[in-house]
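Undergrad: Numbering (my numbering), first residue to last: 220 to 567. Using N, Cα and C, we set each Cβ at its ideal position, and we do this for glycine too. Let me begin by handing over the structure; questions about it come next.
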Amino acid sequence: MRVLVTGHKGYIGTVIVPMFVAEGFDVVGLDNCLFEECTFGELPPEVPEIRKDVRDVAAADLDGFDAVVHLAGLSNDPLGNLDGSLTYEINFDAAARLARLAKDAGVKRFLNSSSCSVYGSAGDDMVDETGRLDPITAYGKSKVMLDQELSRLSGPNFTTAYLRNATAYGFSPRLRLDLVLNDFVAAAYTTGRIHIKSDGTPWRPIVHIEDIGRAFMAILRAPQDTVQQQAFNIGLNEENYQIRELAEIVRETVPGCEIEYAADAGPDKRCYRVDCGKIARTLPEFEPKWNARLGAMQLYDAYRRIGLTKEDLDGPRYKRLGTVKGLIDAGILDDRLHRVEQAVGTHV
Numbered sequence: 220m221r222v223l224v225t226g227h228k229g230y231i232g233t234v235i236v237p238m239f240v241a242e243g244f245d246v247v248g249l250d251n252c253l254f255e256e257c258t259f260g261e262l263p264p265e266v267p268e269i270r271k272d273v274r275d276v277a278a279a280d281l282d283g284f285d286a287v288v289h290l291a292g293l294s295n296d297p298l299g300n301l302d303g304s305l306t307y308e309i310n311f312d313a314a315a316r317l318a319r320l321a322k323d324a325g326v327k328r329f330l331n332s333s334s335c336s337v338y339g340s341a342g343d344d345m346v347d348e349t350g351r352l353d354p355i356t357a358y359g360k361s362k363v364m365l366d367q368e369l370s371r372l373s374g375p376n377f378t379t380a381y382l383r384n385a386t387a388y389g390f391s392p393r394l395r396l397d398l399v400l401n402d403f404v405a406a407a408y409t410t411g412r413i414h415i416k417s418d419g420t421p422w423r424p425i426v427h428i429e430d431i432g433r434a435f436m437a438i439l440r441a442p443q444d445t446v447q448q449q450a451f452n453i454g455l456n457e458e459n460y461q462i463r464e465l466a467e468i469v470r471e472t473v474p475g476c477e478i479e480y481a482a483d484a485g486p487d488k489r490c491y492r493v494d495c496g497k498i499a500r501t502l503p504e505f506e507p508k509w510n511a512r513l514g515a516m517q518l519y520d521a522y523r524r525i526g527l528t529k530e531d532l533d534g535p536r537y538k539r540l541g542t543v544k545g546l547i548d549a550g551i552l553d554d555r556l557h558r559v560e561q562a563v564g565t566h567v
């Protein structure tokens, strides 16, 4: 199967593309390479790639592919809130256009990396894929809009599926410290302290990035009628945690770590627990390998081995919003997040 992976040089892409290659997929990447300076550790071997903003994709870029795995986009709530119109332009308009081009080019499958943030403020109750969609940020809303558009595009020759990933964690050579478990371990290692801005009660489902890759591969290989127009919560039921529980896991992992709460700490509106039973029932070959304790240890070992510093924790390099703002301030990106030199996309 020949697969185009958009956003292949990002936090998730640099981990799952080598997994795809190892499993025999013929992978080509597509990325605008905004996060080249966010490297932490050794990068994986290169794959053929198209260096291009997803907004600038042309019909010819989709020729010859069997499937698209769509990861590219503004990747979290803070970055999505930088400019709501940009979030919709990139995460919805450009992605929907990409899907239409893929369908016209004869691509058979389009898998979208969606998010459990579509459930927004669902509260303490477990929510499955039939639950009410209640996104409270531009990022979450853009994910709902795209999944709905992909559903309209679905047909006998164009299978679409929507992977509602829990909050990602885990080591990646394109590190992100704007993810809760990654951040907690980084703070514990570099400062000996986890500072919690909420009261610790909000729920978060979490999933390791390698397990996200396993889910994508299971859906790529599944019979069409099994996954057509299907949403899947990606994770494990037992991997729903309150923020304070994650902090306690990290405290037990990193020697000498303490937990403190902000003086004005209160509940966070983003609170949801997700039921991931559907993918387990539908695709039993999907077998997640990670849990929060294993992930915290993996991160702690990587931070020690590679040498994470307090400056890394406090600085913008490993936070997507900080990186993008820095590129704008340096004149590398304009206020619409286009590269100022705006070179024509090249195949490498």
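Work out the CA separation of residue 407 and residue 310 for me, nearest whole Å.
TA: Locating residue 310 in the sequence shown gives position 91, where the first residue counts as 1. Locating residue 407 in the sequence shown gives position 188, where the first residue counts as 1. Cα-Cα distance, rounded: 33 angstroms.
Undergrad: List in chain order: all unbroken beta strand (DSSP E) runs of 3+ residues lying wholly within the stretch 229-304.
TA: Complete beta strand (DSSP E) runs here, min 3: 245-250, 268-270, 286-289.
Undergrad: Can you find a CB in chain D that lies within less than 9 angstroms of the CB of residue 462?
TA: Within the model displayed, chain D is absent; a lone protein chain is all it includes.
Undergrad: Assuming residue 383 and residue 452 are in contact, meaning their beta carbons sit under 8 angstroms apart, how far apart are those beta carbons, in whole angstroms?
TA: If you number the sequence shown from 1, residue 383 lands on position 164. If you number the sequence shown from 1, residue 452 lands on position 233. Going by Cβ atoms, the distance from residue 383 to residue 452 rounds to 5 angstroms, so yes, they are a contact pair.
Undergrad: Between residue 381 and residue 443, is the Cβ-Cβ spacing less than 9 angstroms?
TA: Sequence index remark: in the sequence shown, residue 381 carries index 162 (1-based). Sequence index remark: in the sequence shown, residue 443 carries index 224 (1-based). Not closer than 9 angstroms, so no.
Undergrad: Is the stretch 418-430 touching the stretch 311-329 in the sense that three or more CB pairs, one from each, lie closer than 8 angstroms?
TA: Contact between the stretch 311-329 and the stretch 418-430 is absent, because fewer than three Cβ pairs lie under 8 angstroms.
Undergrad: Contact check, residue 385 vs residue 335 under 8 angstroms by CB: the rounded distance?
TA: Locating residue 385 in the sequence shown gives position 166, counting from the first residue. Locating residue 335 in the sequence shown gives position 116, counting from the first residue. Rounded, the Cβ-Cβ distance is 5 angstroms, consistent with contact.
Undergrad: DSSP three-state call for residue 369: helix, strand or coil?
TA: Counting from one through the sequence shown, the residue named residue 369 turns up at place 150. Correct three-state label for residue 369: helix.
Undergrad: Among 529, 506, 473, which residue has its Cα nearest to the Cα of residue 519?
TA: Counting from one through the sequence shown, the residue named residue 519 turns up at place 300. Considering only alpha carbons, the answer is 473.
Undergrad: List in chain order: all unbroken alpha helix (DSSP H) runs of 4+ residues lying wholly within the stretch 421-457.
TA: Within the stretch 421-457, the complete alpha helix (DSSP H) runs of at least 4 residues are 428-440, 443-446.
Undergrad: Give the single residue among 231, 234, 418, 253 whose Cα lies nearest to the Cα of residue 558.
TA: By 1-based counting over the sequence shown, the position of residue 558 is 339. Ranking the options by Cα distance to residue 558, first place goes to 253.
Undergrad: Short check: CB of residue 328 to CB of residue 403, under 9 angstroms?
TA: Working through the sequence shown from its first residue, we reach residue 328 at position 109. Working through the sequence shown from its first residue, we reach residue 403 at position 184. The answer is no: Cβ separation not under 9 angstroms.
Undergrad: From residue 223 to residue 245, what does the alpha carbon distance come to, in whole angstroms?
TA: Residue 223 sits at position 4 when you count from the first residue of the sequence shown. Residue 245 sits at position 26 when you count from the first residue of the sequence shown. So the alpha carbons of these two residues sit roughly 9 angstroms apart.
Undergrad: Spell out a yes or no on whether the stretch 484-496 and the stretch 410-424 are touching, meaning 3 or more CB-CB pairs, one atom from each, closer than 8 angstroms.
TA: Yes, since at least three Cβ pairs between the stretch 484-496 and the stretch 410-424 fall closer than 8 angstroms, the two stretches touch.
Undergrad: CA-CA distance, residue 440 and residue 230?
TA: Here residue 440 corresponds to residue number 221 of the sequence shown, with the count starting at 1. Here residue 230 corresponds to residue number 11 of the sequence shown, with the count starting at 1. Near 23 angstroms, if we compare the C-alpha coordinates of residue 230 and residue 440.
Undergrad: Could you pull the start and end residues of the alpha helix (DSSP H) that residue 310 belongs to?
TA: By one-based count along the sequence shown, residue 310 stands at place 91. Premise fails: residue 310 is in no alpha helix (DSSP H) and is neither H nor E.
Undergrad: How big is the Cα-Cα spacing for residue 232 and residue 470?
TA: Taking the first residue of the sequence shown as position 1, residue 232 is located at position 13. Taking the first residue of the sequence shown as position 1, residue 470 is located at position 251. Approximately 29 angstroms between the Cα atoms of the pair.
Undergrad: In whole angstroms, what separates the C-alpha of residue 513 from that of residue 319?
TA: Within the sequence shown, residue 513 is the residue found at index 294, counting from 1. Within the sequence shown, residue 319 is the residue found at index 100, counting from 1. Cα-Cα distance, rounded: 40 angstroms.
Undergrad: From what residue to what residue does the beta strand (DSSP E) around residue 591 run?
TA: An answer regarding residue 591 cannot be provided, because it is not within the stretch 220 to 567 covered by the chain.
Undergrad: Tell me, to the nearest whole angstrom, how far the beta carbon of residue 434 is from that of residue 504; I am working on the premise that it is less than 8 angstroms.
TA: Counted from its first residue, the sequence shown places residue 434 at position 215. Counted from its first residue, the sequence shown places residue 504 at position 285. The Cβ separation is near 10 angstroms, so there is no contact.
Undergrad: Using CA coordinates, which residue listed in 499, 425, 498, 534 is at the minimum distance from residue 465?
TA: Mapped onto the sequence shown, residue 465 falls at position 246. That would be 425, whose Cα lies nearest to the Cα of residue 465.
Undergrad: Quick one: give me the first and last residue of the beta strand (DSSP E) that residue 465 is part of.
TA: What you label residue 465 is simply residue 246 of the sequence shown in a count that begins at 1. Here residue 465 belongs to no beta strand (DSSP E); instead the alpha helix (DSSP H) covers 462-472.
Undergrad: Quick one, are the C-beta atoms of residue 468 and residue 412 less than 9 angstroms apart?
TA: Taking the sequence shown and counting its residues from 1, one reaches residue 468 at position 249. Taking the sequence shown and counting its residues from 1, one reaches residue 412 at position 193. No; because the gap between Cβ atoms is not below 9 angstroms, this pair is not in contact.
Undergrad: Around the Cβ of residue 367, are there at least 16 other Cβ atoms within 10 angstroms (buried) or fewer (exposed)?
TA: Indexing the sequence shown from 1 puts residue 367 at position 148. The residue is exposed, with fewer than 16 neighbouring Cβ atoms inside 10 Å.
Undergrad: Short of 7 angstroms in beta carbon distance, which residues of its chain neighbour residue 261, apart from the five on each side in sequence? Order them along the chain.
TA: In the sequence shown, residue 261 corresponds to position 42, counting from 1. 392.
Undergrad: Rounded to whole angstroms, how far is the Cβ of residue 346 from the Cβ of residue 493, which I believe are closer than 8 angstroms?
TA: As a working note, residue 346 is residue 127 in the sequence shown. As a working note, residue 493 is residue 274 in the sequence shown. Right, their Cβ atoms sit about 6 angstroms apart.
Undergrad: Just tell me which of 323, 266, 308 has its CA closest to the CA of residue 360.
TA: Within the sequence shown, the letter at position 141 stands for residue 360. Taking only the C-alpha atoms, the option nearest residue 360 is 308.
Undergrad: Where does residue 402 sit, in a helix, a strand or coil, going by DSSP?
TA: Here residue 402 refers to the residue found at position 183 of the sequence shown. The answer is helix: DSSP assigns residue 402 an H, G or I state.
Undergrad: Per DSSP, residue 388 is paired with what?
TA: One-based indexing of the sequence shown puts residue 388 at position 169. Looking at the DSSP assignment, residue 388 forms a beta bridge with 427.
Undergrad: Can you tell me whether residue 415 is helix, strand or coil according to DSSP?
TA: The residue you call residue 415 lines up with position 196 of the sequence shown. If DSSP states are grouped into helix, strand and coil, residue 415 belongs with the strands.
Undergrad: On the three-state DSSP scale, how would you describe residue 321?
TA: In the sequence shown, residue 321 corresponds to position 102, counting from 1. In this structure, residue 321 counts as helix in the three-state DSSP scheme.
Undergrad: What do you get for residue 304, buried or exposed, if any count of 16 or more other CB atoms within 10 angstroms of its CB means buried?
TA: As a working note, residue 304 is residue 85 in the sequence shown. Counting Cβ neighbours within 10 Å, residue 304 comes out exposed, since fewer than 16 surround it.
Undergrad: Closest to residue 569 by CA distance: which of 291, 445, 536 is it?
TA: Only positions 220 to 567 of the chain appear in the structure, and residue 569 is not among them; the question remains open.
Undergrad: Can you tell me which residues form a DSSP beta bridge with residue 361?
TA: As a first step, residue 361 is located in the sequence shown; it is residue number 142 there, counting from the start. The partner list for residue 361 (beta bridge, DSSP) is empty, contrary to what the question assumes.
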